[in-house]
Each structure stands twice: as C-alpha cells, then as structure tokens.
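Chemist: Below you will find the structure I want to go over with you.
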Amino acid sequence: MTTLPPAAVLDVLPTRDRPTPACDPAVVVGHTPLAPAIHRLVLSAPRVAATAQAGQFVMLSVPQAAGELIQLPRPMAVHRRRPGGDIEVVYNVQGRGTEALSRVRPGDSLLVTGPLGRGFDLPATAGPLLAIGRGIGVCSFMTLVEDASAAGVPSTVVLSARTDDRVIGRSDCAELGAEALAVTDLDGTSAVEALDRRLAARFADRAPGLVVVCGSHRLTALAMTLARRWRVPLQVSVEAHMACGLGYCHGCALPRPADPGREGPLVCFDGPVFAVQGSPGAPA
C-alpha cells in the first residue's frame with residue numbers, strides 16, 4: 001500500500017456521477033514488455049473503455065490456465081482508453097498474481113470488473129496540468145492527460161524511475177502532445193531538490209492550475225510543497241492492496257490521523273483519488 005507523508009491528510013473529492021461498473025470477459029489484444037518486469041496489457045473491454053473516468057481502475061481476475069489458481073482479482077489502473085473499445089493497463093511483476101498474469105497471451109480471456117473508484121477532478125478553467133509520477137504510478141493519471149489533451153489543456157508530466165530503461169509513459173506523452181520530463185535516480189535528476197528547482201523554473205511565468213501525483217512518498221511530499229507555494233489544488237492517487245475493489249471487504253481503509261478509532265475512507269470506493277487537505281479546492 002502507498003505510504004503517504006505524515007503531513008498528507010486526505011479528503012474525499014466531491015461526489016459526482018460515476019459509471020455503473022460491468023463485469024465482462026475481456027480478450028487479450030496485446031501483451032508486451034515495457035521495461036524489466038513491467039508489462040503493458042491491452043484488453044478488449046468496450047464498456048470500460050467507453051465509460052471509465054480519468055483515474056478509475058479495474059479488477060482483473062487471472063485465469064487459471066495462466067498458472068496456479070489465483071483466487072483474488074488484482075486492482076489495475078486504467079492506463080489508456082482507446083476509441084475502438086480497448087483499454088491498457090501497465091503492471092509490475094511482484095508476486096504470484098502478477099507473475100501468473102505475465103503468462104497470458106493474445107487470445108486469452110480475462111474477467112474484468114470496472115470501471116471502479118473515484119477519479120480525478122479536472123476543473124474546467126484549471127490552466128496547465130502538472131502530473132508527477134514514479135514508476136508505474138504514472139499509469140494512474142495518463143487518462144487525465146488524455147482528458148486534458150482533449151480539452152486543450154497543456155500538460156507537463158514528470159516520469160520518474162530508478163534508471164532510464166524503467167521510465168514509463170514517454171510514448172503516451174508524445175501521442176497526447178504532453179511535455180514529458182523524464183528523471184532518474186541514476187543521473188540524479190529525480191532528486192527532490194533538483195526536481196523542485198526544475199519545476200520552479202518551468203512554471204516561473206505561469207503556475208499550473210492542478211497538480212496530481214502518484215507512486216512515491218518523496219514526490220508526494222514535493223507535490224504538497226509545490227501546491228502550497230503555487231496555491232493550487234493537489235490530488236493524489238493512492239495505491240492499495242484490495243480483495244474486492246467494490247467496498248465490501250473494507251481491507252483498503254486509509255488511517256485517519258485525527259481519529260485513530262474511526263475507519264478511514266476506502267481507497268477502492270472513496271478513492272483511489274483524493275484531495276490533499278489544505279490545498280485550494282479541497283473539501284472544506
């Protein structure tokens with residue numbers, strides 16, 4: 001589960017209509033490696049592709065034919081929505097479920113439930129979008145970059161990774177006309193101080209209208225600093241282990257620092273996108 005900076009208190013974004021999730025078999029259209037242990041999976045899922053809001057996710061059930069029996073589905077951010085009815089997810093092979101998922105082939109069928117959760121809220125007059133992602137955390141907000149592109153809103157996207165061969169999202173940004181800032185640990189460009197200076201210079205003339213972030217404790221802390229400096233809204237997409245994705249099991253509740261005796265919001269239902277408390281536009 002994502003570890004948030006201690007100062008990050010999250011609020012549920014204002015209620016808006018969400019599409020009714022479907023539970024459909026989805027045929028694997030493509031499955032390719034993007035980086036060491038990272039794969040892009042393309043699925044034919046017309047109902048999800050047509051209705052998913054930016055930042056929502058799906059639950060993927062791994063077929064038994066792909067390996068051993070994997071009983072629980074895996075939550076995956078909808079990385080891209082295609083007009084022809086395909087969706088893309090990008091995942092990192094980390095355990096039994098994703099290792100079995102890595103063995104599915106084009107023509108196989110997976111059960112997909114979604115779209116699920118509460119997505120990003122892009123204000124109509126927000127101005128430029130700044131999206132900051134680490135590793136496959138980038139995949140949580142690429143659909144927001146899609147929406148910004150369609151609305152004529154310019155986007156700057158920070159693609160952070162340990163090494164250059166693990167940077168995710170360059171081709172997506174190029175396709176969508178977004179400015180991609182690839183930064184890595186290897187050359188020091190992903191260091192918080194270096195990235196802070198770079199973004200301060202990039203937005204010296206005009207601050208972004210919205211900052212979004214996913215995938216890193218330190219980058220979330222940086223995003224909080226930037227949002228306060230610029231006095232702009234900040235939204236964070238939270239990653240969590242989930243058993244159902246529908247709000248039934250309550251296994252993904254966030255802690256509430258101000259009230260440790262009360263269950264916090266559910267990442268699957270109240271999130272995965274939350275407003276950071278104290279940033280402009282966050283619920284009062």
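Just so you know, the sequence shown maps onto residues 1 to 284 in UniProt numbering. All C-beta atoms, glycine included, are put in the ideal place defined by N, C-alpha and C.
Between the region 166 to 179 and the region 134 to 153, can you find at least three pairs of beta-carbon atoms closer than 8 Å?
Modeler: Counting Cβ pairs under 8 Å, three or more are found: they touch.
Chemist: Per DSSP, Leu226 is paired with what?
Modeler: Beta-bridge partners of Leu226 (DSSP): none assigned.
Chemist: Tell me, which residues are paired with Tyr91 by DSSP?
Modeler: His39
Chemist: Given that a residue counts as buried once 16 or more other Cβ atoms are within 10 Å of its Cβ, and exposed if not, what is Tyr248?
Modeler: With a 10 Å radius around the Cβ and a threshold of 16 neighbouring Cβ atoms, Tyr248 comes out exposed.
Chemist: I'd like to check one pair, Ser44 with Ala22: are the Cβ atoms closer than 8 Å?
Modeler: The answer is no: Cβ separation not under 8 Å.
Chemist: Quick one: what does DSSP say Gly137 is sitting in, helix, strand or coil?
Modeler: The answer is helix: DSSP assigns Gly137 an H, G or I state.
Chemist: Since Phe141 and Gly133 should fall inside the 8 Å C-beta cutoff, what is the C-beta to C-beta distance between them, to a whole number of angstroms?
Modeler: Correct: roughly 6 Å between the Cβ atoms.
Chemist: Whole angstroms are fine: how far does the CA of Leu195 sit from the CA of Leu60?
Modeler: 35 Å
Chemist: Considering only the alpha carbon of each residue, which of Leu41, Pro255, Ala207, Val29 lies closest to Ala131?
Modeler: Closest option to Ala131, judged by alpha-carbon separation, among Leu41, Pro255, Ala207, Val29: Ala207.
Chemist: Below 6 Å CB to CB, which residues in the same chain sit around Ser190 once its five sequence neighbours on both sides are set aside?
Modeler: So the qualifying residues of the chain are Ser160, Val183, Thr184.
Chemist: For a test of the three-state rule: what should DSSP assign to Val183, helix, strand or coil?
Modeler: strand
Chemist: Under 8 Å by Cβ, that's how I've got Val58 and Val48 pegged, so tell me the actual separation to the nearest angstrom.
Modeler: Contact holds; Cβ gap of about 6 Å.
Chemist: Mark His250 as exposed unless 16 or more other C-beta atoms lie within 10 angstroms of its C-beta, in which case mark it buried.
Modeler: Exposed is the call here.
Chemist: Compare the Cα-Cα distances from Cys268 to each of Gly55, Ala7, Gly169 and report the closest residue.
Modeler: Gly55
Chemist: Where does Val48 fall in DSSP's three states?
Modeler: helix
Chemist: I'd like to confirm the pairing. Which residues does DSSP put opposite Thr113 in its beta bridges?
Modeler: Cys23, Met59
Chemist: Any contact of the region 10 to 17 with the region 76 to 89, i.e. 3+ C-beta pairs under 8 Å?
Modeler: no
Chemist: So, for Gly127: in the same chain, excluding its five sequence neighbours on each side, which residues have a beta-carbon less than 6 Å away from its beta-carbon?
Modeler: Gly209
Chemist: Could you spell out the range, first to last residue, of the beta strand (DSSP E) harbouring Arg74?
Modeler: 74 to 77
Chemist: Would you kindly work out how many angstroms separate the C-alpha atoms of Ala37 and Asp17, rounded to a whole number?
Modeler: 36 Å
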